[in-house]
Amino acid sequence: MRIAALTVLVGLLASGCRSTVTLSGHDERVQVVTTTGILQDLVRQVGGDRVAVSSLVPDGADPHSYEPSLRDVRNVVYADVAFSNYLLLEEHAIIKTLDANLRTGMPNISLAEGAVKYAAEIIPLVEDVSLDTIWLGMRVRGSGTADGANRSSDILLSATGATGPGAMTAYLTESFGNPSFYVNSADGFDPANGFKDDTARLPPDAHTHMSWAFTKPGVYRLTMRAQLAVTPETKPVPLGEQTFTFAVGVDPHSVPGMTDAAVLNSGHADLTVDLDEKRLYLLADPEGGGEADQRAYDPANTVIEVPNKALLEVPGDRKFRFLGRPGTQVHQLPQAVLGKHVHGEIDPHLWQNVRNAIAYVELIRDTLIGIDPDGTGEYRTHASDYIAELERLDTYVRDTIAQIPQPQRHLVTTHDAFGYLGDAYDVQISGFVTPNPATEPSLADRRRLTETIRNLDIRAVFLEPNLTARSTTLTEVASEQGLRVCEIYGDSFGGDVRTYGQMMRFNAESLRDCLTRPNNGRRQ
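For what it's worth, the working numbering labels the leading residue of the sequence shown as -10, then goes sequentially.
This is how it looks when you write it as structure tokens:
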């Protein structure tokens, strides 16, 4: 039995794990595992004394990048039901831990998706396209259900070869500034190990952003293949191969054999693998119109431009010596998103609108009733009482934010987690995206930010406590402009904020207090 097999292992690890084990096969209560502390609190409010609930992601950690421990696996094994947010909020490893270890027949609920049936409102994830160059990532489209794909499957997008006058690298700057490589032509491509050192792994229906660096100007060609790994045990399904062309610091219309090719040089584009069509292509919205304006481009007739304005100096940090000696120049398309960031088309942070949290509560209530009918009365009573509390909370958040004069109601932050708060409570999301969190922003980047702050009379910037280490650029600019740096909570609790109600009250009060007070010491 899986539970018995893990019991000895967990006992050996008990002294080295991060928290007390919550779930148990000997507990008569309903055993519940959630992915985040926010969901854990909602389940506690509905379940009361009839449930024991554990969160995989601890308070203060980031669900976008958290890697589950063996103790997390143990809790999943004992769970009678699992609640995730999903919509690709959580690190893929978290979802795999749930799906691979939850016992057969136990409910596995994706709250953000299921809550739509309870009138939750969703917002398309609109990305910032104000960069001076194209924003290039990797994407998975289609469901792959014909081949048995599910949300735990992996799509392998592998570089198998590259040509060009220098080295090319596609890398992602993770949470604390460390580079993680997807493609690095400098050390070659190894077919013997399946090109694993030059492979991006994505879940279905997702995309990610990265920096693309080129050490010398000229024409580069990158060959990539795609495969679907339905499970770790099954043979990967081939999904096609394509060669993508980059014009780096040279006229994109002068690429040999491609004088009539389409040129992509703005907006958002992705090297895209289509699970259903089993092919690779470029999917782009050059005008920045979002999903409605996306169109497919044939790589054989398309050139991706990396212009000379994309030149930057290699930073002094030894982590980035793979780009060259400090101070030397390379061409780079920026990652444009702080930290590791894999997501889909819908903003997953639904709970920042309290009305959506009510929909979560209703789905949690009905799920618990389904697995524990004897507790129906208690679940209904707890849910009804808590929904009444959330309705009062919704009014409080709305009234508190309404105290901020409309011209001052601007949120500037490093993490795009507050679209629902802005939409529900009339807050303008005026934040900026740092082109590359691993390097100093250019003078133009800082000038744009400074102009935004001055033009909008920004009173303060807001940082999530668990993301402070990633936010040096924003804090530096805030200091230069004499702005306050205030706290706001997005994905995780911390400090004195231990419940969902406390979090939303704190956020509303922080916005009001920081955006209504004048900046007496502000520099002009």
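Think of the CB as a built atom: it goes at the ideal place given N, C-alpha and C, for glycine as much as any other residue.
Reference residue i; option with closest CA among the options
i: Gly238; options: Gly364, Lys205, Met213; result: Lys205
i: Gln34; options: Leu161, Gly305, Thr389, Tyr375; result: Tyr375
i: Asn90; options: Leu100, Tyr107, Pro57; result: Pro57
i: Gly366; options: Asp38, Thr220, Ile418; result: Asp38
i: Arg387; options: Ala372, Thr402, Asp412, His371; result: Asp412
i: Met492; options: Leu28, Arg18, Val19; result: Leu28
i: Gly26; options: Leu12, Gly364, Tyr489; result: Tyr489
i: Ala406; options: Tyr385, His338, Val350, Thr389; result: His338
i: Pro567; options: Leu76, Ser141, Arg443, His198; result: With the chain covering -10 to 513 only, the question about residue 567 has no answer from this structure.
i: Thr220; options: Thr291, Thr86, Tyr349, Val21; result: Thr86
i: Val129; options: Pro304, Val46, Tyr270, Glu110; result: Tyr270
i: Thr162; options: Leu301, Gln341, Ser54; result: Ser54
i: Pro304; options: Asn297, Val295, Val32, Thr317; result: Thr317
As assigned by DSSP and simplified to three states, the class of residue i
i: Tyr75; result: coil
i: Ala50; result: coil
i: Met493; result: helix
i: Val10; result: In this prediction, Val10 has a pLDDT of 48, which is less than 50 and means its spatial position is unreliable; nothing more can be read from the coordinates.
i: Gln20; result: strand
i: Ser599; result: Summary: the structure shown does not reach residue 599, with the chain confined to residues -10 through 513, and so no result is reported for it.
i: Ser481; result: coil
i: Leu339; result: helix
i: Arg190; result: strand
i: Pro227; result: strand
i: Ala391; result: helix
i: Pro180; result: helix
i: His320; result: strand
i: Val239; result: coil
i: Leu91; result: coil
i: Val244; result: coil
i: Val252; result: strand
i: Ala109; result: coil
i: Val35; result: helix
8 angstroms Cβ cutoff, residue i in contact with chain C
i: Ser58; result: No chain C is part of this structure, which consists of one protein chain only.
Residue i versus residue j: straight-line alpha-carbon distance, rounded
i: Ala3; j: Val66; result: Interpretation of Ala3 is limited by its pLDDT of 35, a score under 50 that renders its predicted location unreliable; no figure is taken from the coordinates.
i: Lys224; j: Phe170; result: 24 angstroms
i: Val486; j: Phe495; result: 8 angstroms
i: Glu498; j: Tyr160; result: 39 angstroms
i: Pro96; j: Thr356; result: 8 angstroms
i: Gly471; j: Asp446; result: 12 angstroms
i: Ser519; j: Leu146; result: The shown model of the chain, from -10 to 513, leaves out residue 519, and the question about it has no answer.
i: Thr261; j: Thr24; result: 29 angstroms
i: Val343; j: Ile144; result: 35 angstroms
i: Tyr107; j: Gly479; result: 23 angstroms
i: Val113; j: His15; result: The sequence as given places Pro at residue 113; Val does not occur at that position. Straight-line Cα distance between these residues: approximately 43 angstroms.
i: Arg284; j: Gln231; result: 17 angstroms
i: Glu266; j: Pro288; result: 16 angstroms
i: Thr212; j: His320; result: 20 angstroms
i: Ala71; j: Ala372; result: 18 angstroms
i: Ile123; j: Gly103; result: 35 angstroms
i: Ala346; j: Gly313; result: 48 angstroms
i: Asp547; j: Ile293; result: Only positions -10 to 513 of the chain appear in this structure, which leaves residue 547 out of reach.
i: Pro522; j: Pro193; result: Because the chain spans -10 through 513 in this model, residue 522 falls outside it and cannot be assessed.
i: Lys329; j: Arg310; result: Any answer about Lys329 is weak, because its pLDDT of 49 lies below 50 and its placement is not dependable; what the coordinates show is given next. So the two alpha carbons sit approximately 20 angstroms from each other.
i: Arg506; j: His81; result: 41 angstroms
i: Val46; j: Ile335; result: 22 angstroms
i: Met199; j: Leu272; result: 16 angstroms
i: Asn74; j: Pro241; result: 43 angstroms
i: Tyr516; j: Glu351; result: Lying before the first or after the last residue shown, residue 516 is absent from the chain, which here runs from -10 to 513.
i: Arg140; j: Leu12; result: 25 angstroms
i: Met157; j: Pro168; result: 14 angstroms
i: Glu476; j: Trp340; result: 18 angstroms
Beta-bridge partners of residue i, as assigned by DSSP
i: Asp263; result: Arg130, Arg268
i: Tyr160; result: Phe170, Ser200
i: Ala273; result: Ala258, Arg284
i: Thr152; result: Arg210
i: Val474; result: Val450
i: Ile98; result: Phe72
i: Ile418; result: Leu400
i: Thr234; result: Arg210, Val292
i: Leu301; result: Val319
i: Pro362; result: Note: Pro362 sits in no beta bridge, so no partner.
i: Ala41; result: Gln20
i: Ala218; result: Asp143
i: Leu59; result: Beta-bridge pairing links Leu59 to no other residue.
8 angstroms Cβ shell around residue i - same chain, five flanking residues per side excluded
i: Val19; result: Gly36, Arg39, Val40, Ala41, Asp69, Val70, Leu357, Ile360, Asp361, Gly364
Same chain, Cβ closer than 7 angstroms to residue i, five either side skipped, listed in chain order
i: Gly483; result: Asp48, Gly49, Pro454, Asn455
i: Thr428; result: A caution first: Thr428 carries a pLDDT of 46, below 50, which makes its placement in the model too unreliable to give a value.
i: Val118; result: With a pLDDT of 45 at Val118, under the threshold of 50, the modelled position of that residue is not reliable, and the figure given next carries that caveat. For Val118, where only same-chain residues beyond five positions count, the Cβ hits under 7 angstroms are Trp124, Gly256, His257, Gly277.
i: Ile418; result: Leu400, Phe407, Gly408, Gly411
Own chain, CB closer than 6 angstroms to residue i, minus 5 neighbours either side, in chain order
i: Val252; result: Pro241, Val292, Glu294
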